[in-house]
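Shown next, in structure tokens, is the structure this report addresses.
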Amino acid sequence: EWQAVENGVGNTQYNGQVTLGSTQSGSTWNLTDAARGNHRTYNLNRGTSGTGTLFSGPDDVWGNGVASNAETAAADAAYGAAETWDYFKNVHGRNGIRGDGVGAYSRVHYGNNYVNAFWQDACFCMTYGDGSGNAKPLTSLDVAAHEMSHGVTANTAGLIYSGESGGLNEATSDIFAAAVEFYSNTAADPGDYLVGEKIDINGNGTPLRYMDKPSKDGASKDAWYSGLGGIDVHYSSGPANHFFYLLSEGSGVKTVNGVTYDSPTSDGLPVTGIGRAKAEQIWFKALSTKFTSSTNYAAARTGTLAVASDLYGGTSSVEYKAVQDAWAAINVGT
Ligand code: ASN
Ligand code: ZN
């Protein structure tokens with residue numbers, strides 16, 4: 220059956236009004252993004268298994284910006300998937316999560332008052348709860364990019380989700396969550412080095428995680444220590460998130476897009492940032508060409524240094540030195 224590739228309108232909860240890829244079949248529009256590997260967005264309608272129903276309807280307008288409209292979370296999830304796709308393609312030359320041009324799918328309205336989101340390799344899909352009171356779906360752009368990046372990690376380094384490699388796996392998702400948010404940079408959701416600042420998971424407006432000083436969340440670590448591999452991967456990610464922030468922006472006080480950061484160093488020495496764009500290139504290339512399933516913090520240092528040398532001209536480059544300094548600042552390789 221013939222389908223037309225369309226651009227619809229998404230009225231999201233977190234990113235204002237956006238353009239969404241859709242397909243038209245007769246007088247029905249489907250939330251299937253033909254320009255991005257046919258990524259599809261499904262409604263679980265509070266169920267917890269299967270795919271539910273593909274979002275479809277008599278028009279190409281999705282959601283109204285309010286969580287009570289079932290299409291709103293779909294619009295946010297579809298936008299997040301599209302921006303993440305575009306980011307990996309346009310910034311890193313990667314054609315989809317697996318690099319094969321095939322889109323994943325998203326499921327929204329998982330369960331009742333479910334306050335989490337997750338990626339699953341088995342279905343090649345990501346799933347979002349509606350949050351507390353079913354009012355704060357976990358479909359913010361950074362969370363979507365975080366979950367989808369788990370798919371990229373699984374299909375590149377394959378970092379094992381425990382011990383230090385698990386922390387690096389989690390950090391990779393936070394790093395690309397921030398990168399995608401800066402790439403998208405809508406007025407409603409400007410780029411930042413915070414994770415989950417839109418979903419009010421703590422009920423007091425604070426974000427889930429802070430990359431400039433991870434310990435601000437009360438549990439994540441700012442620097443490597445010998446017991447790091449024994450804590451939850453969402454906390455052992457802290458030092459690598461901190462590394463990425465320092466490499467991008469440098470230590471001390473800095474305001475970016477209206478958010479003020481204050482990033483310490485464990486060795487007390489300053490770090491001069493090389494900018495987020497170069498830091499992203501270094502992390503992605505290390506992930507996809509140097510890291511393996513068992514990479515730990517020490518090996519991540521070795522891998523990123525090798526990549527910095529490859530990309531930016533040897534061990535005397537400013538970039539190589541900044542990578543050295545940023546690892547030293549989180550107590551790796553001193
Ligand atoms: N949202 C969490 C994550 O992506 C789910 C989990 O703990 N696996 O890390
Ligand atoms: Zn994660």
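Residue numbers (full-length UniProt numbering): 220 to 553. Glycine included, each C-beta is placed from N, C-alpha and C at the ideal position. None of the values given here were measured: they were computed from a predicted structure.
One residue after another in chain order, those with a Cβ under 6 Å from a heavy atom of the ligand ZN are H365, H369, E389, S392.
CA-to-CA, the gap between Q243 and D252 works out to about 11 Å. Its chain contains Y233, N234, L360 as the residues whose beta carbon lies nearer than 6 Å to that of D408, once the 5 sequence neighbours on both sides are disregarded; these appear in chain order.
Taking a contact as a CB-CB distance under 8 Å, the pair A363 and A296 counts as one, their CB atoms being some 6 Å apart.
A Cβ-Cβ contact shorter than 8 Å links A397 with M430. N309 is classed as exposed because its beta carbon has fewer than 16 other beta carbons within 10 Å across all chains shown. Taking the Cβ atoms as the reference, V490 lies roughly 5 Å from G469, within the contact range of under 8 Å.
For F337, the shortest separation between its Cβ and any heavy atom of the ligand ASN lies below 7 Å.
Taking F307 as the centre and dropping the five residues before and after it, the same chain places the C-beta of R313, V371 closer than 7 Å to its C-beta, in chain order.
Between G315 and N332, the CB-CB gap reaches or exceeds 8 Å. If you ignore the 5 residues before and after S528, its C-beta comes within less than 7 Å of the C-beta of T534, Y539, all in its own chain and listed in chain order. Beta bridge pairing from DSSP links M367 with no other residue. Here Y298 is not bridged, per DSSP, to any residue. Between S287 and T358, the alpha-carbon positions lie close to 14 Å from each other. Per the coordinates, the alpha-carbon of F343 lies some 18 Å from the alpha-carbon of D305. By the beta-carbon neighbour count (other beta carbons within 10 angstroms, threshold 16), L488 is exposed. Between the segment 449 to 456 and the segment 382 to 389, the count of Cβ pairs shorter than 8 Å is three or higher; the stretches touch. The beta carbon of H453 sits closer than 7 Å to at least one heavy atom of the ligand ASN. Under the DSSP assignment, A254 falls outside any beta strand (DSSP E); it carries neither an H nor an E label.
In this structure, the alpha-carbon of A525 lies about 29 Å from that of S403. The three-state secondary structure of T267, taken from DSSP, is coil. Membership of G315 in any beta strand (DSSP E) is not indicated, and neither H nor E is assigned to it by DSSP. By DSSP's assignment, D481 forms a beta bridge with V472. For G299, the closest alpha carbon among the candidates R259, G330, L263, W502 is that of R259.
Note that the segment 423 to 438 does not touch the segment 256 to 276; fewer than 3 beta-carbon pairs, one per stretch, sit closer than 8 Å. Following the DSSP letters along the chain, one finds S507 inside the alpha helix (DSSP H) bounded by residues 495 to 508. For P277, the number of other beta carbons within 10 angstroms of its own is below 16, and it is reported as exposed.
Judged by their CB atoms, T291 and G282 are nearer to each other than the 8 Å cut-off. In the three-state reduction of the DSSP assignment, T238 falls in the strand class, which pools E and B.
Remark: C-beta atoms of S513 and I379 approach each other more closely than 8 Å. A373 is the residue among A373, N550, H365 whose C-alpha sits nearest the C-alpha of F510. According to DSSP, residue pairing for Y347 in a beta bridge involves A336.
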